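J.:
Number of protein chains: 2
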Amino acid sequence: MSLKRSTVQQLLASQELDREVLVKGWVRTRRGNKYVQFIALNDGSVLHNIQVVAAAENFPEENLKDVATGACLAVRGTLVASQGKGQSVEIQASEITVLGKADPETYPLQKKGHSLEFLREIAHLRPRTNTFGAVLRVRHALAFAVHKYYNDNGFFYVHTPIITGSDAEGAGQMFRVTTLPADNPPRTETGEVDYAQDFFGKATNLTVSGQLEGELAALALGKIYTFGPTFRAENSNTARHLAEFWMIEPEVAFNELEENMDLAEDFLKYLVRYALDNCADDLAFLNEHYDKELLARLRFVVDNDFQRLTYTEAVDVLKGARQKFEFPVDWGTDLQSEHERYLVEKHFKKPVILTNYPKEIKAFYMKLDDDGRTVRAMDVLFPGIGEIIGGSQREEDLEKLLARMAEMHVPAEELSWFLDTRRFGSAPHAGFGLGFERLVLFVTGMANIRDVIPFPRFPKNAEF
Amino acid sequence: MSLKRSTVQQLLASQELDREVLVKGWVRTRRGNKYVQFIALNDGSVLHNIQVVAAAENFPEENLKDVATGACLAVRGTLVASQGKGQSVEIQASEITVLGKADPETYPLQKKGHSLEFLREIAHLRPRTNTFGAVLRVRHALAFAVHKYYNDNGFFYVHTPIITGSDAEGAGQMFRVTTLPADNPPRTETGEVDYAQDFFGKATNLTVSGQLEGELAALALGKIYTFGPTFRAENSNTARHLAEFWMIEPEVAFNELEENMDLAEDFLKYLVRYALDNCADDLAFLNEHYDKELLARLRFVVDNDFQRLTYTEAVDVLKGARQKFEFPVDWGTDLQSEHERYLVEKHFKKPVILTNYPKEIKAFYMKLDDDGRTVRAMDVLFPGIGEIIGGSQREEDLEKLLARMAEMHVPAEELSWFLDTRRFGSAPHAGFGLGFERLVLFVTGMANIRDVIPFPRFPKNAEF
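Written as structure tokens, this is what we have:
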């Protein structure tokens, strides 16, 4: 008779005992004595293992010799109430088949704890650990929550291009995408590299943001969001930066700065609440092993209004602070991480939304305030993370936008398609970008961004 | 008093009449006489426009001079039952504000119909048309359905890398990703381009598939899927190929070929059913204007079992066909589009799943059948589309896999990380790839793949 496989999650949640079950998974640990062996089996469906009990009378040691940490098993047996601590059910094994061995001499993930640094070197195997299983399940839940939030609120998901001929922010170092031979590219008559012969007939790069294309879509479909990979060719070897990361960028026609803040706050609270509601086991594990204040911090974000104030007000707060800063604060300079952390962690003790920054330190597309000095930017600052969201109301007036582009040396001809949104049926609109890995970092309590994406890309590293 | 904006979708679905409403959107058409003007307003939330009625006594012509096709308006008025045909409600306007003009002399989207070819040239504006609004809303619904299907079925979404040092299929032309200066790259002592000085310390490319990394994740988390951009640097100027497209790749530990087919069929039916249930207006529009058999074809896919047969059986069917083929059919050769279409559209008249192809025409990672001649591959063939899914059970045996790699000249050293899945706790597993744009093509009934992605990338084209 063919018995359907159950997942560990289904078995641990089952009320239906004393029935025959089939489970498949990987051995986490094995212990026991001469009468009985206990095998902790995990199949990735959930943090917890199921305990498989193998009585020595049915399973002589020679039959279990390949049942070592990392081996893959198929186990048939009876699901029974557990006598042991730490689990409500266990399996009394009747049949154990080794599907794939794992030689204890060479398998890198023995049961002792491993440093996160070591696990980064074997990123292809680390999803088999409790920590990365938990992080990846939380990451999944957050990604799904992003889509669910926007779908439920009438936004349309738009796939903006990855390969692009334009640089949205007028800044940001980019990766070049090419099929020209590196060794000896074709040349023009004047000796320059002839990009007309490249795949796309011109020089192309990997996108740094889908915002400009997102604006086009928002001024047609009303409410849109993007969720895709973005790239920075910056030589940043920090715990906060990746060369390849995923970004979420909503853009809403007719929204102004206030509604943009409302959206950002509601969205972030929804995501954190979704994780609390759907990832209780994984978050409890991370709270216990990595960050004892994690759950308290997540609940705090959900339960409290974010503090909203202007850049100008923030500068006043910082100037009045008793704390000494490494970088002096003066109106017109960009805030440093130490300033943001002071505002969030010490002064307001809650997430902060800063608005209306000096135009000189923000991008060309942000809407100019009436005073002509500041723009309708907004940054959302989170404890431990700093800036988690950056956004703005956009300049919808063609003449003002052209003037800002000229001041900031952004080439208007290249962005003529973008400017068409302001030429034809322009409208107020606003949006923001949320770095997905920064969100996962915040929700999991991990310290290094390389530990919240399956295969991190950073300078000198594109393994796997 | 501040009145909250309603979307056109909300208003058209509203039962609550004779109340003041505020709506914002873009003018699609304007017509009328000296007593009254009718403005069709669309905000992208839904296919249909809402009719705004502006009585001449309240709105003299000079106040409406900028109310032209493409202009953006804010309209206040009373929502009332409509006397006209084609809509149940309309707005008796009390206030009309032009937020953004659209000069009729220069705005490219006047109300007359435009060819799809012309619209491709103004891809930044085409989301403002009925056709592309419909396509993009269906595309959104299908993307959400993908995530919902997998989330509801216990799969985890895994972000596999976009920038990669490996080529999953051992084939496929790739785009190079680099920060080396194109004009004068650094050289080694022997004069070759020195990739050790490139950003990642070696030559890197854009991914052609997330499968290999997906396998790593499946052999830890059990059931996973990817949904991300993939790239082909192939000089294919066809209606079926893009240089940048989105792919969905589920991978399931412990699944064999039969379960892989079950998953593919259930998944495709779910997606089509989701579109039928959630995109009725948009699909009806596409059915009427582009493909009169669209709805019938979609319902047929949902209602009928897919025909499953082996490659060998298919070759027999084709050899017995009365039809003459341009390419002769012989066991061992790959099937051409004409053969696939014959099987699907003429012989079985339903979607077909072909399995157990000759090993010579399939990838190295597919599980060898016991006869040593065929592999556990599966292709799902759809009417009008041809191959919509390609997949297989994977070779889980390290020795057999190494032998196939050697036969096919796939370098084992470079894929050592991938082979670790077979070294440590290997397990049967299977998966497949669904090209998202081919799915959207099928569900919308559009004829050209460049019309189902917002900003298509193909040879000599990376505009916007």
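Residue numbers (the working numbering), protein chains in the order written: chain A, 5 to 468; chain B, 5 to 468.
Built from N, CA and C at the ideal position, the CB exists for glycine as well.
The structure presented is a predicted model; accordingly, all values stated were derived computationally and were not measured.
The beta strand (DSSP E) spanning Tyr-361 of chain B covers which residue range?
T.: It spans 356-362 - the beta strand (DSSP E) in which Tyr-361 of chain B sits, taken as one unbroken run.
J.: If you run the structure through DSSP and keep just helix, strand and coil, what is His-144 of chain B?
T.: Looking at His-144 of chain B - three-state DSSP - the assignment turns out to be helix.
J.: Should Val-27 of chain B and Thr-11 of chain B be called a contact, given that it needs their Cβ atoms to be closer than 9 angstroms?
T.: Cβ distance < 9 angstroms, so Val-27 of chain B and Thr-11 of chain B count as in contact.
J.: May I ask you to list the residues that DSSP assigns as paired with His-433 of chain B?
T.: BP columns for His-433 of chain B point to B:Ala-257.
J.: Cβ of Tyr-39 of chain B less than 9 angstroms from any chain A Cβ?
T.: Judged by the 9 angstroms Cβ criterion, Tyr-39 of chain B is not in contact with chain A.
J.: What residue range does the alpha helix (DSSP H) around Glu-411 of chain B cover?
T.: Where Glu-411 of chain B is concerned, the enclosing alpha helix (DSSP H) stretches over 402-411.
J.: In this structure, how does DSSP classify Ile-43 of chain B when only helix, strand and coil are distinguished?
T.: It is a strand residue.
J.: Please list the terminal residues of the continuous alpha helix (DSSP H) segment that includes Val-12 of chain B.
T.: From DSSP, the alpha helix (DSSP H) with Val-12 of chain B extends over 12-16.
J.: Report the residues of the stretch 208-230 of chain A with a CB closer than 9 angstroms to any CB of chain B, ordered along the chain.
T.: Going along the stretch 208-230 of chain A in chain order, one finds Thr-208, Leu-210, Leu-216, Glu-217, Leu-220, Ala-221, Ala-222, Leu-223, Ala-224, Leu-225, Gly-226, Lys-227 and Ile-228 with a Cβ nearer than 9 angstroms to chain B.
J.: Against Glu-248 of chain B, what residues of chain A qualify as contacts under a CB-to-CB distance less than 8 angstroms, listed in chain order?
T.: Those within 8 angstroms of Glu-248 of chain B in chain A are Pro-165, Ile-166 and Ile-167.
J.: Looking at the C-beta of His-245 of chain B, does it have a partner C-beta in chain A at a distance below 9 angstroms?
T.: No, its Cβ sits nowhere closer than 9 angstroms to a Cβ of chain A.
J.: Between B:Gln-96, B:Asn-157 and B:Asp-281, which has its C-alpha nearest Pro-254 of chain B's C-alpha?
T.: Ranking the options by Cα distance to Pro-254 of chain B, first place goes to B:Asn-157.
J.: At 7 angstroms on the CB atoms, spell out the chain B contacts of Arg-132 of chain A, in chain order.
T.: What Arg-132 of chain A touches in chain B: Ala-224.
J.: Relative to the C-alpha of Gly-104 of chain A, which residue among B:Glu-403, B:Arg-454, B:Arg-408 and B:Arg-461 is closest?
T.: If we check each option's Cα against that of Gly-104 of chain A, B:Glu-403 comes out closest.
J.: Mind checking which residues open and close the beta strand (DSSP E) that includes Leu-313 of chain B?
T.: Residues 311-314.
J.: Using Cβ-Cβ distances below 8 angstroms, what residues of the stretch 270-292 of chain B are close to chain A?
T.: Those would be none; no residue qualifies.
J.: May I ask you to verify whether the stretch 16-24 of chain B touches the stretch 57-73 of chain B, counting CB pairs closer than 8 angstroms and requiring at least 3?
T.: The answer is no - the stretch 57-73 of chain B does not touch the stretch 16-24 of chain B, with fewer than three Cβ pairs under 8 angstroms.
J.: If I follow the unbroken alpha helix (DSSP H) through Val-306 of chain B, where does it start and stop?
T.: Here the alpha helix (DSSP H) through Val-306 of chain B covers 298-307.
J.: Grouping DSSP H, G and I as helix and E and B as strand, with all else coil, what is Leu-339 of chain A?
T.: It is coil, neither helix nor strand.
J.: Please report the distance separating the alpha-carbon of Glu-262 of chain A from that of Asp-373 of chain A.
T.: Each residue's Cα considered, the two are about 13 angstroms apart.
J.: Just reading off the alpha helix (DSSP H) that Gln-215 of chain A is part of, what are its end residues?
T.: Start and end: 215-225.
J.: Go through its chain and collect everything with a Cβ distance to Phe-160 of chain B's Cβ below 6 angstroms, but skip five positions before and after it.
T.: For Phe-160 of chain B, where only same-chain residues beyond five positions count, the Cβ hits under 6 angstroms are Leu-225 and Ile-228.
J.: With a cut-off of 9 angstroms, does the C-beta of Asn-452 of chain B fall near any C-beta of chain A?
T.: It does not: the Cβ of Asn-452 of chain B has no partner Cβ on chain A nearer than 9 angstroms.
J.: Return the chain-ordered list of same chain residues with a C-beta closer than 6 angstroms to the C-beta of Asp-285 of chain B, the five sequence neighbours on each side being excluded.
T.: Same-chain partners within the cutoff: Leu-51.
J.: Looking only at DSSP bridge pairs, what is Gly-232 of chain A linked to?
T.: Paired residue(s): A:Met-251.
J.: Taking 9 angstroms as the threshold (C-beta atoms), are Leu-140 of chain A and Val-102 of chain A in contact?
T.: No.
J.: Express the C-alpha separation of Lys-366 of chain A and Leu-347 of chain A in angstroms, rounding to a whole number.
T.: Approximately 20 angstroms, taken between the alpha carbons.
J.: List, from N- to C-terminal side, the alpha helix (DSSP H) runs of 4 residues or more that fit wholly inside the stretch 107-167 of chain A.
T.: Taking only runs of at least 4 residues, the alpha helix (DSSP H) segments lying wholly in the stretch 107-167 of chain A are 120-125 and 134-156.
J.: Helix, strand or coil: which one does DSSP assign to Val-31 of chain B?
T.: Note: Val-31 of chain B maps to strand in three-state DSSP.
J.: Measuring alpha carbon to alpha carbon, tell me which residue in A:Ser-92, A:Ile-43, A:Pro-190 and A:Gly-214 is nearest Gly-169 of chain A.
T.: Nearest option by C-alpha distance: A:Gly-214.
J.: Would you mind giving the Cβ-Cβ distance between Pro-165 of chain B and Phe-459 of chain A, rounded to the nearest angstrom? I have them listed as a contact below 8 angstroms.
T.: Contact holds; Cβ gap of about 4 angstroms.
J.: Under 9 angstroms, do Ile-389 of chain A and Glu-269 of chain A count as touching if we go by C-beta distance?
T.: Their beta carbons are not under 9 angstroms apart, which means Ile-389 of chain A does not touch Glu-269 of chain A by this criterion.
J.: Using a cut-off of 8 angstroms between C-beta atoms, extract the partners of Ala-434 of chain A located in chain B.
T.: Near Ala-434 of chain A there are no residues of chain B at all, since even the closest Cβ is about 14 angstroms away, more than 8 angstroms.
J.: Determine the contact status of Arg-427 of chain B and Asp-107 of chain A, defining contact as a CB-CB distance below 9 angstroms.
T.: Yes, Cβ-Cβ distance for Arg-427 of chain B and Asp-107 of chain A is below 9 angstroms.
J.: Jot down the residue ranges of each uninterrupted beta strand (DSSP E) in the stretch 69-110 of chain B, minimum 3 residues, whole runs only, in chain order.
T.: Listed in chain order, they are 76-85 and 93-104.
J.: Cβ of Lys-89 of chain A less than 9 angstroms from any chain B Cβ?
T.: Chain B contact via Cβ: absent.
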